[in-house]
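Quick note, the sequence shown lines up with residues -1 to 254 if you use the numbering used here.
Built from N, CA and C at the ideal position, the CB exists for glycine as well.
Read the structure below first, then the notes.
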Amino acid sequence: MITIKSAREIETMAAAGKVLADTLAFLAGRVAPGVSTADLDEAAEEFIRSHEGARPSFKGLYDFPASLCTSINEEIVHGIPSRQRVLDDGDIISIDCGVYLEGLHADSAVTLPVGDVSPDTQRLLDVTQSALDAAIKEAVVGNHVGDIGHAVQNVAEAAGYSVVRELVGHGIGSSFHEEPQIPNYGKPKRGPRLQTGMTLAIEPMINIGGREIRTLDDKWTVVTNDGSLSAHFEHTVLITASGPRTLTVAPVHAPA
Ligand code: MG
Ligand code: MG
C-alpha cells in the first residue's frame, strides 16, 4: 500500500530530514584521508542523538549493526563501518544515513571525494548527482514511478555509465521501506501514479563500468562485479500540488 502523509507527518519528516541533512554536512567536514569508517559512524550517531527525540534509523534495521552505510569505491551500498577501513586519498565514499523522529523516517545519501580524486572519478559523482536532480524534477503529480527511473537512466546512460537494477528507491514514512519501489530505470508513464502527499526516497546507484553486482561474504556490502567505481546519491522527496519538495535539506541561511 502506498501511504499518503498528513500535514503533521510531513512536517515531522521534514524535521527528521533537516537533522539528516545537517548530519551529512557534518560528516562531509570529517571525510579525509586517515579517517576510518567507524570514526564517521560514531560521530554520526552522536550527532543525530544530540537532537532531541532523534535516533539513527539504520541501527538494528534488518539487524544492520551501525548508523551509517559507508561504501567505498567499487562498493555500491550497505558497507559496514569498521575501524579497519581507513579512507585513502583519491577514494570516494558513499555515506547513506536515516533519521527517525517521532515515529517517522527520512533517508538520504551522498558520495564524497576523499582528498584529491581523478577527473574521471569526479565526473561519476557529478553525473550521479545530476541523475538525482533530474529524477526529482519528475516527482510531480500525474507522473508515474517510471518517469523517475527513466530520468535517472537517461542521464546515466548518456554519460556512458550503467544503472544498478537490483537495488531500488522506495516509499518512506512510519516504515523505512514502504511501497512503491522506485527503480532507477524504466519507461515514462509506467508504474504507480504519483499523488500529493507521497514521500519517496529516490536514490540512483550508478556504475562507471557494467551494471552487474554481487554481495560480499559479510552478507551486506554490495559491490560492482567488475570492480568499477560506483556512486550513490539520495533524497527523501514529498510530492506536492506545486511540485517536488526535497525534505532532506537544511533550510538555506543568508550569509552572515
Ligand atoms: Mg538511504
Ligand atoms: Mg533509501
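Check	Outcome
Through-space distance from residue 115 to residue 217, alpha-carbon basis	29 Å
Alpha-carbon spacing of residue 150 relative to residue 187, whole angstroms	14 Å
Closest Cα partner of residue 89 within the set 30, 232, 201	30
Per-residue DSSP class, three states only, for residue 190	coil
Residue burial classification, residue 185 (beta-carbon count within 10 angstroms, cutoff 16)	exposed
For residue 229: DSSP bridge partner residues	204
Contact check, residue 167 vs residue 176, beta carbons under 8 Å	no
Exposed unless 16 or more other CB atoms sit within 10 angstroms - verdict on residue 225	exposed
Euclidean distance between Cα positions of residue 69 and residue 193	33 Å
Pocket of ligand 1 (residues with CB nearer than 5 Å to any heavy atom), chain order	94, 105, 107, 232
Rounded distance between the beta-carbons of residue 93 and residue 122, thought under 8 Å	About 16 Å separates the two Cβ atoms, so there is no contact after all.
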